[in-house]
Structure formats: structure tokens, C-alpha cells
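If you're matching positions, the sequence shown starts at 0 in numbering that gives the first Met the number 0 and goes up one per residue. Glycine included, C-beta positions come from ideal geometry on N, C-alpha and C. Note that the structure is predicted; figures quoted are calculated from it, not measured.
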Amino acid sequence: MRALQAALALGLLLSSLLPGDGLSLESLLTNKRCKCVKVTAQIISLGLILAIDVMPPGIHCRRKEIILTLKRNKKVCVAPEAPWIQLLIHKLTQTDVSKKEAAAVARSRGEAGRQPPVP
């Protein structure tokens with residue numbers, strides 16, 4: 000009987016220790032954590048960069064992480080506050096917005112400026 004009481008008390012104690020503030024048990028068990036242990040602010044040549052992954056803060060990591068994939072599939076974590084990476088991301092997002100705006104203008108001009116074919 001004492002074993003059953005001890006098991007119930009232990010179960011109750013463990014259930015109260017698990018965080019329940021909107022976190023699923025699956026997220027606790029999948030070992031999600033920050034990917035960047037060490038970051039650099041050193042400038043990296045644009046010719047070496049294949050991809051940029053920007054991960055905002057979330058339940059898996061409290062800080063913003065920027066991971067560059069370089070040639071030969073090497074991954075480097077860059078300090079988000081580094082001025083050169085902020086400028087690069089700003090320019091890339093501006094270029095992306097400009098392309099979308101240009102495409103929208105071209106579509107609107109193409110539809111409005113069409114003339115019926117000449118027989």
C-alpha cells in the first residue's frame with residue numbers, strides 16, 4: 000500500500016514540475032534548442048554565401064539566429080547585430096520587395112494596355 004501511495008505522490012510531483020504554459024510535451028522531447036553556440040561578427044565574402052537562414056526568437060531559442068550556408072556546405076552563425084549582416088538582409092529584402100512591386104506594375108500595365116488584335 001505504501002508503494003502505491005509513493006508512486007502516486009511521485010507522479011503528482013512530476014506532473015506539477017512539467018511546464019504547461021502552452022508548451023506541448025512533444026516540443027520538450029524533440030530537443031529543440033538554439034543552433035548557434037558560437038557566433039561571429041566577421042565579414043564573410045558574398046561569393047562564399049549560398050543561403051541565409053534567419054530564425055526569429057521562439058520557444059526553441061530566446062535569441063534571433065542567423066545561419067549562413069557557405070560553399071562546401073559549411074554553416075556559420077553570424078551575430079544578428081553585426082552591421083554588415085543587417086545591411087545585407089535589408090538589401091535582400093528591399094530587392095525582393097522591388098521585384099514584387101515591378102511584377103505587379105507589369106501585370107497591371109499588361110492587362111490595362113492590351114489592345115484587341117488587328118484583323
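Query, Result
"Express the C-alpha separation of A101 and R108 in angstroms, rounding to a whole number.", "10 Å"
"Using the rule of at least 16 other Cβ atoms within 10 Å of the residue's Cβ for burial, across every protein chain shown, is C35 buried or exposed?", "buried"
"Answer yes or no: do I51 and L67 have a C-beta to C-beta separation smaller than 8 Å?", "yes"
"Between the alpha carbons of K37 and R106, how many angstroms are there, rounded?", "46 Å"
"Using only alpha-carbon positions, find the residue among I84, S97, V104 and H89 that is nearest to S44.", "I84"
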